[in-house]
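In the working numbering, the protein residues as written are 48 to 612. Idealized CB from N, CA, C, for every residue including glycine. Keep in mind that this is a model prediction, so the values were computed, not measured.
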Ligand code: ADP
Ligand code: MG
């Protein structure tokens with residue numbers, strides 16, 4: 048007896064709905080995307096109980112032609128795709144023609160819609176994918192779709208819905224993403240009658256972002272406007288010091304479609320590079336404009352995962368856009384006054400003894416001459432063998448000597464790698480390194496890279512290596528620790544493919560342990576480091592992302608001394 052049979056329509060729709068509609072926020076996403084595709088300028092989203100009982104989206108877009116209304120809720124019916132060719136150059140958010148059919152099969156749906164040309168609107172009531180009622184009604188141009196009782200007929204799915212707050216948060220997230228990138232559209236989101244997002248239409252992207260994120264966050268924004276012929280990147284990124292501990296404020300779009308793409312996201316991080324503190328996540332709202340033929344959106348039913356042609360080129364473009372933007376800015380972190388008042392008072396009242404201590408800890412530079420070359424700074428001294436004090440025409444600079452030294456070594460080493468001209472230093476007596484089996488594997492996997500970057504290692508017995516040379520940039524100290532740190536760093540490199548990135552890792556690990564040995568820096572050395580630091584590509588942070596320079600503007604100092612308000 049034959050066992051294979053065709054599934055009935057309702058079952059097919061419910062299966063499809065399983066992929067498209069996961070929770071109330073998916074309903075919101077599909078309805079809002081339809082409104083955007085219909086070129087609405089006003090989209091209002093009413094939500095009751097996290098969308099579990101009601102999601103109602105009204106727009107003033109094109110509306111649906113009266114004879115198409117019933118058709119629109121059938122599966123695989125769309126006005127956005129005509130032929131196969133269209134599939135490879137999608138310019139609308141929707142195209143699969145399955146959202147309304149899916150929603151109608153797992154919730155109760157009501158729609159009122161009217162086009163400009165039709166003189167009446169159409170209203171339909173749908174349950175289980177079946178049109179129960181259809182009538183002509185008077186209506187304004189646009190579409191209203193109300194979706195109630197989500198999953199009322201699929202209890203297994205309903206059970207998995209989270210609490211109202213969680214479900215509503217997902218909805219806020221969707222509306223925020225679309226509202227951010229569409230300043231020309233007015234979005235109004237209410238929850239149980241309360242206004243949550245209201246972003247009136249504006250011509251200015253930044254103003255639009257301000258109405259959604261508020262002024263505090265956005266004052267740390269930098270504009271990105273990049274184009275290279277193939278791709279355009281526009282939007283805003285946060286200054287490195289505004290980076291967050293979570294990724295909530297990150298939005299990446301391709302042709303204004305909010306997307307999730309690991310590589311492109313990473314491009315932003317890589318653009319920040321060591322400007323970013325470890326464990327921090329940058330803020331960004333970036334739209335990538337490319338030819339629609341270069342993006343395949345037909346990868347996943349929810350259409351937020353996309354495949355991009357020559358992804359590495361887009362990766363490079365994003366990275367460059369971010370770097371250009373950061374370099375253009377003067378990114379020395381300004382000091383923010385955060386010390387509580389009482390501590391200030393204690394400082395002033397501290398004993399004479401303590402003051403002497405401060406004085407002895409301060410060492411004045413032998414000559415107060417400006418640094419050589421064309422540096423616009425003047426070295427004043429150092430304190431606690433840790434911080435260098437200098438001045439420029441705008442105020443005072445505090446420089447962390449270790450961070451500065453690390454930055455200098457790091458960039459020198461990478462430059463030598465780039466030039467393929469590593470100065471390696473031969474050790475008079477080779478150092479024996481005992482390695483674990485895992486470390487041995489890592490060394491073997493990277494042996495060529497290590498050789499080419501100046502680390503000459505030779506297998507010695509079963510569990511040891513002889514270290515015969517190392518890059519001279521890192522000096523002669525702490526050699527053992529240094530190589531272990533490098534191995535550790537290479538061990539984390541499972542996702543790293545590009546050699547240059549591995550070299551960055553080597554450099555970061557090596558200078559971390561090389562710099563420890565240089566506790567007391569003498570002035571000639573400080574002069575040299577500062578001169579080199581100011582020639583570095585990124586002089587403001589150490590390779591691990593800690594600040595190397597903090598700048599107190601004169602204005603900041605005057606404010607502290609109450610000379611200025
Ligand atoms: P898709 O968006 O993939 O085409 P949907 O199931 O979401 O599929 O919608 C089916 C069709 O219904 C759309 O192609 C469009 O013609 C019409 N439609 C849906 N929502 C709207 C709306 N808000 N305004 C105008 N037309 C709409
Ligand atoms: Mg759609």
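For the beta strand (DSSP E) holding residue i, just list the boundary residues, first then last.
i: residue 172; result: 168-174
i: residue 434; result: 434-439
i: residue 89; result: 89-95
i: residue 190; result: 189-195
i: residue 232; result: That residue, residue 232, is in no beta strand (DSSP E); it is neither H nor E in DSSP.
i: residue 202; result: Residue 202 -> not in any beta strand (DSSP E); alpha helix (DSSP H) instead, spanning 202-205.
i: residue 179; result: 177-184
i: residue 481; result: 471-481
i: residue 507; result: 503-507
i: residue 625; result: Here the chain has residues from 48 to 612 only, and residue 625 is not among them.
i: residue 604; result: Careful: residue 604 lies outside any beta strand (DSSP E), inside the alpha helix (DSSP H) at 601-607.
i: residue 245; result: 241-246
i: residue 429; result: 425-430
i: residue 519; result: Element bounds for residue 519: n/a, residue is neither H nor E.
With residue i as the anchor, note down where its alpha helix (DSSP H) starts and where it stops.
i: residue 496; result: 494-499
i: residue 363; result: 358-375
i: residue 570; result: 570-580
i: residue 460; result: 448-465
i: residue 302; result: It is not in any alpha helix (DSSP H) - residue 302 carries neither H nor E in the DSSP assignment.
i: residue 156; result: First-last for residue 156: 155-161, but that is the beta strand (DSSP E), not the alpha helix (DSSP H).
i: residue 208; result: No alpha helix (DSSP H) holds residue 208; DSSP gives it neither H nor E.
i: residue 131; result: 131-134
What does the Cβ neighbour count give for residue i, buried or exposed, with the cut at 16 atoms within 10 Å?
i: residue 50; result: exposed
i: residue 297; result: buried
i: residue 359; result: exposed
i: residue 481; result: exposed
i: residue 48; result: exposed
i: residue 122; result: buried
i: residue 448; result: buried
i: residue 73; result: buried
i: residue 80; result: buried
i: residue 350; result: buried
i: residue 475; result: exposed
i: residue 107; result: buried
i: residue 135; result: exposed
i: residue 294; result: exposed
i: residue 598; result: buried
i: residue 484; result: exposed
i: residue 162; result: buried
i: residue 160; result: buried
i: residue 64; result: buried
i: residue 82; result: buried
i: residue 384; result: Because the pLDDT at residue 384 is just 43, under 50, the model does not fix this residue reliably, and the point stays unresolved.
i: residue 185; result: exposed
i: residue 356; result: exposed
i: residue 389; result: Unreliable placement is indicated for residue 389, whose pLDDT of 35 sits below 50; the coordinate value is still reported in the next sentence. It counts as exposed.
i: residue 613; result: This structure leaves residue 613 out entirely; the chain is present only between 48 and 612.
i: residue 164; result: exposed
i: residue 292; result: exposed
i: residue 130; result: exposed
Between residue i and the ligand FMN, is there a pair consisting of the residue's CB and a ligand heavy atom that are separated by less than 6 Å?
i: residue 106; result: For the ligand FMN, the structure offers nothing, since it holds only the ligand ADP and the ligand MG.
Thinking residue i and residue j are a contact (beta carbons under 8 Å), I'd like their distance in whole angstroms, please.
i: residue 511; j: residue 479; result: 6 Å
i: residue 328; j: residue 592; result: Not really, about 12 Å apart at Cβ, beyond 8 Å.
i: residue 334; j: residue 228; result: 6 Å
i: residue 310; j: residue 260; result: Not confirmed; about 26 Å, so no contact.
i: residue 471; j: residue 521; result: Contact doesn't hold; Cβ gap of about 10 Å is too wide.
i: residue 594; j: residue 457; result: Going by Cβ atoms, the distance from residue 594 to residue 457 rounds to 15 Å, so no, they are not a contact pair.
i: residue 454; j: residue 580; result: 6 Å
i: residue 282; j: residue 331; result: 7 Å
i: residue 205; j: residue 198; result: 4 Å
i: residue 94; j: residue 258; result: So it is not a contact: roughly 19 Å between Cβ atoms.
* Where the beta carbon is closer than 5 Å to any heavy atom of the ligand MG, which residues qualify, in chain order? -> 81, 141, 146
* To do: Starting from the N-terminal side, write out each stretch of the beta strand (DSSP E) that is 3 residues or longer and does not extend beyond the segment 316-364.
  => 331-336
* To do: Could you pull out every unbroken beta strand (DSSP E) segment of at least 3 residues lying fully inside the segment 49-129, listed in chain order?
  => 89-95, 101-106
* To do: Write down every uninterrupted run of the alpha helix (DSSP H) in the segment 259-285 whose length is 4 residues or greater and which is fully enclosed by it, in chain order.
  => 262-265
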